[in-house]
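The structure under discussion appears below in the form of structure tokens.
Chains as they are written, first to last, in the working numbering: chain X, 1 to 370; chain U, 1001 to 1370.
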């Protein structure tokens, strides 16, 4: 099953002709999931090979304008493209508390009532996700008032045991969020596929005398079966190795993680998307603004033993191809010491191939550095 | 004094790579005034020869997303570009009631506190500016609550005598708004220069024995003076003809005007910017959606004897250069019967030259057709 990531906007702070504001699409099984939606995202989508109508889920890392100001317009445009009588599943939108009010207010005041249904699932941040005194509590915002007419929403609290937010889980995959430190509370998201069971080795089944039918299904689902002869057949005897799942992590703006959740969840990521707003010579400025440099991103990637690191969210002072951009590139290569690292550009697509069956499973239980 | 209009976005409903969402800049004496600010306007500005930092006033015709969703981002970016200690005049933003709440909510929820001061002047629409039952009253919105912390704002009511809203007036020019009919209340804006006094004819002043000094100033200001000889000198005796002012009218989305204000104010406009969302074969669809066709726009331009008509806000089904676009062009030429008509494209600039001194003054008192 194909899995790829397309960067729609790789610039920080504001969109420019050379770097759009933050947005990327994770595409899997024909569905598109959008991560962040800066101003101009819908135009970038039109320039790409992706179809906006395939977006079924949207994840917002934090509420800064360069990550959300494209969202009301995108919803309006998606709404125009849908036929009014089509029965469609709602678009699920996940992001920090306050997102539902932002969307509702923007759509209400602009007289835009999207025909497409959507739900907003708001993550409740903790106060240590931003500098002292800068935390704003949006929990009481509009409650009981205008928002009562707004589309449905749920509120998701931190699970203190796993230090994460479970956003969705089905037979094939799960998505969790974890906490990051930024000027405003920021989040990262992990999409993790579950391992797919290996194929049945039919010649062995025949040798063992397992009759084709329901027993095949039981074995495929990982359950031992007993034959009429009384013999017991174990799944591992008749199944090839399972296909390990892939893990993609997308971090919002940050100068680092908050709590152990980030490292736990990102362990052995197949693709880790991390911001690198400023060059390594500007660590102090980066930290002060809640941002990272290529060196910091590489350290985080090394700690979680990520297989591939992609840097994005570059200050507009680093347009692609310029000499400053080349310096960033060489810093990234040095910092990752030969590991795979890529500097994202607008409209770049990166494929995450299916893993070999004999690869180790990714573990989410990496030891956390103190 | 140079005066020109640059179209930043000429598309309807949503931005696309070939036509940005609605925005244009009127530039005069180095200052830029922005009319509408659809998503992506700041990127279009960067592609143009204009400097966003020169924007001192913003006019919003109506609250549909394709006219306002670029405004929060633009304010944030302008704010980033200003040095925090610079003492700057606030940006004045004019638009329909509800605009202040939209801006404040967007900036508050995105944790964006622009360093640049701004004021919002809200025009109170009348219920007949949109279809029955679709009018929404935003007059009570947020009053006394969150908006109390918001930037200052004023509320401007219709002057029933002139059927217009006086927005600003100084020695050089005035700006007024007038009512239009659309799916939501929409406005048009008229910038009208006052005539500039003619030059002093120095050789005649010398012949008449007027001593250089304060008397010259009095005459230039249009006041008669008395010489020590007892002779009286009239301004018209010593001044060349005044230079007539120019008039630029920018209409928001509409299927037509509401009340006599529009025709009165747009009389003999030097440049009339009118929407033409759909082609002439689609009048009914256009009217139903509160929009116009080239033919309708041409009729309005003829009624107000506009010197030059520019059409904009085209449905994205008419990308520049396509065969449908050429059909629109020929409809526009036919409808204006040889008069000057232009179909706007993104980043097109149109200059409005200084008028000849012997041209008629523009009058705002054209007879209104019943």
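Every residue, glycine too, gets a C-beta built ideally from N, C-alpha and C.
Taking a cut of 7 Å between CB atoms, which residues from the region 33-56 of chain X lie near chain U? Within the region 33-56 of chain X, the qualifying residues are 39, 40, 42, 43, 46 and 47.
Determine, for residue 68 of chain X, whether the minimum Cβ-Cβ distance to residues of chain U falls below 8 Å. Taking Cβ atoms only, chain U reaches closer than 8 Å to residue 68 of chain X, which makes this a yes.
Within chain X, partners of residue 1073 of chain U - CB distance below 7 Å: For residue 1073 of chain U, the C-beta contacts it makes with chain X under 7 Å involve 14, 39, 65 and 69, in order along the chain.
Across which residues does DSSP place residue 1257 of chain U in a beta bridge pair? For residue 1257 of chain U, which the question treats as bridged, DSSP gives the partners U/1180.
Given residue 254 of chain X, which residues of its chain have a CB within under 6 Å of its CB, disregarding the five upstream and five downstream residues? Once the five neighbours on either side are set aside, the close Cβ partners of residue 254 of chain X are 180, 181, 182 and 186.
Would residue 1132 of chain U pass as an interface residue toward chain X - the criterion being a Cβ-Cβ separation below 8 Å? False, the Cβ-Cβ gap to chain X never drops below 8 Å.
Locate the beta strand (DSSP E) running through residue 193 of chain X, then write down its first and last residues. Unbroken beta strand (DSSP E) run through residue 193 of chain X: 186-193.
Cβ-based neighbour list, residue 368 of chain X, same chain, cut-off 6 Å, excluding 5 preceding and 5 following: With a pLDDT of 31 at residue 368 of chain X, under the threshold of 50, the predicted position of this residue should be treated as unreliable, and no value is reported.
Going by alpha carbons, who is nearest to residue 1281 of chain U out of U/1270, U/1293, U/1274 and U/1289? A check of alpha carbon separations from residue 1281 of chain U across U/1270, U/1293, U/1274 and U/1289 identifies U/1293 as the nearest.
Where does residue 355 of chain X sit, in a helix, a strand or coil, going by DSSP? Here residue 355 of chain X carries a coil assignment [DSSP, helix/strand/coil].
Find out if the Cβ-Cβ distance for the pair residue 130 of chain X, residue 188 of chain X is shorter than 8 Å. No.
Quick one: what's residue 21 of chain X bridged to in DSSP? Paired residues: X/11.
Leaving out the 5 sequence neighbours to the left and right, which residues in its chain are closer than 7 Å to residue 1285 of chain U when beta-carbon positions are compared? Once the five neighbours on either side are set aside, the close Cβ partners of residue 1285 of chain U are 1278.
Starting from residue 25 of chain X, find everything on chain U with Cβ-Cβ shorter than 7 Å and list it in chain order. Contact note: residue 25 of chain X does not reach chain U at a C-beta cutoff of 7 Å; the least C-beta distance is about 17 Å.
Are the beta-carbon atoms belonging to residue 1289 of chain U and residue 1340 of chain U less than 8 Å from one another? The answer is no: Cβ separation not under 8 Å.
Nearest to residue 245 of chain X by CA position, among X/275, X/287 and X/195, is which residue? Ranking the options by Cα distance to residue 245 of chain X, first place goes to X/195.
Rounded C-alpha distance that separates residue 1066 of chain U from residue 106 of chain X: Looking at the backbone, the Cα of residue 1066 of chain U and that of residue 106 of chain X are separated by about 12 Å.
Neighbour flag for residue 136 of chain X against chain U, beta carbons, 8 Å: Put simply, the CB of residue 136 of chain X is near chain U, with a gap under 8 Å to one of its CB atoms.
Applying a beta-carbon distance threshold of less than 8 Å, which residues of chain X neighbour residue 1110 of chain U? Those within 8 Å of residue 1110 of chain U in chain X are 63, 64, 65, 68, 69 and 102.
Between the beta-carbon of residue 1225 of chain U and the beta-carbon of residue 1215 of chain U, is there less than 8 Å? Result yes, Cβ atoms of residue 1225 of chain U and residue 1215 of chain U sit closer than 8 Å.
If distances are taken between C-alpha atoms only, which option among X/164, X/329, X/119 and X/139 comes closest to residue 154 of chain X? Per the C-alpha coordinates, the member of X/164, X/329, X/119 and X/139 positioned closest to residue 154 of chain X is X/119.
Say the cut is 7 Å; is the CB of residue 1175 of chain U nearer than that to a heavy atom of the ligand ZN? Ligands in the displayed structure: none, and consequently the ligand ZN is not present.
Can you list, in chain order, the residues of its chain with a C-beta nearer than 7 Å to that of residue 62 of chain X? Leave out the 5 residues immediately preceding and following it. Result list for residue 62 of chain X: 96, 182, 184, 185, 186, 187, 252 and 253, in chain order.
How would you label residue 1125 of chain U, buried or exposed, when you count the other beta carbons within 10 angstroms and need 16 or more for buried? Taking every protein chain shown into account, the CB of residue 1125 of chain U has 16 or more other CB atoms within 10 angstroms, so this residue is buried.
Determine whether the beta carbon atoms of residue 34 of chain X and residue 5 of chain X lie at a separation below 8 Å. No; because the gap between Cβ atoms is not below 8 Å, this pair is not in contact.
According to the neighbour-count rule (16 or more other Cβ atoms, all chains shown, within 10 Å of its Cβ), is residue 1203 of chain U buried or exposed? In this structure residue 1203 of chain U is exposed. Its beta-carbon is surrounded by fewer than 16 other beta-carbon atoms within 10 angstroms.
Just the Cα atoms here: how many angstroms apart are residue 198 of chain X and residue 217 of chain X? Residue 198 of chain X and residue 217 of chain X have their C-alpha atoms some 12 Å from each other.
Give a yes or no on whether the minimum CB-CB distance between residue 1077 of chain U and chain X is below 8 Å. The Cβ of residue 1077 of chain U sits closer than 8 Å to at least one Cβ of chain X.
Residue 1211 of chain U vs residue 1222 of chain U beta-carbon contact at 8 Å: No.
In the DSSP assignment, what are the bridge partners of residue 1153 of chain U? DSSP, once it has assigned bridges, lists U/1120 as partnering residue 1153 of chain U.
Hey, residue 1050 of chain U and residue 1019 of chain U: beta-carbon distance below 8 Å or not? Judged by their CB atoms, residue 1050 of chain U and residue 1019 of chain U are not nearer to each other than the 8 Å cut-off.
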